[in-house]
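Numbering (mature numbering (1 follows the signal peptide of the UniProt record, and there is no 0)) for the sequence shown: -19 to -1, 1 to 145.
Cβ atoms here follow ideal geometry from the backbone N, Cα and C, with glycine treated the same way.
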Amino acid sequence: MSQIWALFLLLAFGLKSLSSPTKSSRVSRSKKVVDAKSKRKSGGRYDFVLERGGKCGSEVWALRKLVKMERRRADAAVAEVERERAASATAAEEAMGMIQRLQREKNSIQMGYNQHRRLCEARDVHDEEVIQSLEWVLWRREAELRLLRQHTRAISYFTSTTMY
């Protein structure tokens, strides 16, 4: 556990260890101290102000300014992502609305087509029945005509044979 802590201190602050009796030249020279009063919570992170010799004010100010700039940049990136998300959500809603409208139009056209097809099929069946009926009437009239012609020939034959 102490090795992990030492690695953390080395990476975070350049410290060898807080409990080591011999301090590195960097640690002794800069006398880094965590100021408990300057610890503040901002955006889910803790900022620690490190004091260094006589350059404390300008370095702290520069670090604070850098942190503020990074926060602003991060906040701007988050805001941009949120705007993009909102825009994509709006575009998706519009696309879904258009898809639903097109599906309704397609269904309406399909229903109209099916109704027209059924009407045409019914009309074709009716026309076929009318044609068959007219063919039957024509056949019957032709049969009556043949019968009448036969009667006419028979009458003319009997009348022509009885006159002479």
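- One alpha carbon belongs to Thr142, the other to Leu119, and they sit about 34 Å apart.
- Rounded to whole angstroms, Cys101 and Arg121 show a C-alpha spacing of 30 Å.
- Counting only the Cα atoms, Glu75 lies some 15 Å from Arg85.
- Distance from the CA of Leu115 to the CA of Asp105, rounded to the nearest whole angstrom, comes to 15 Å.
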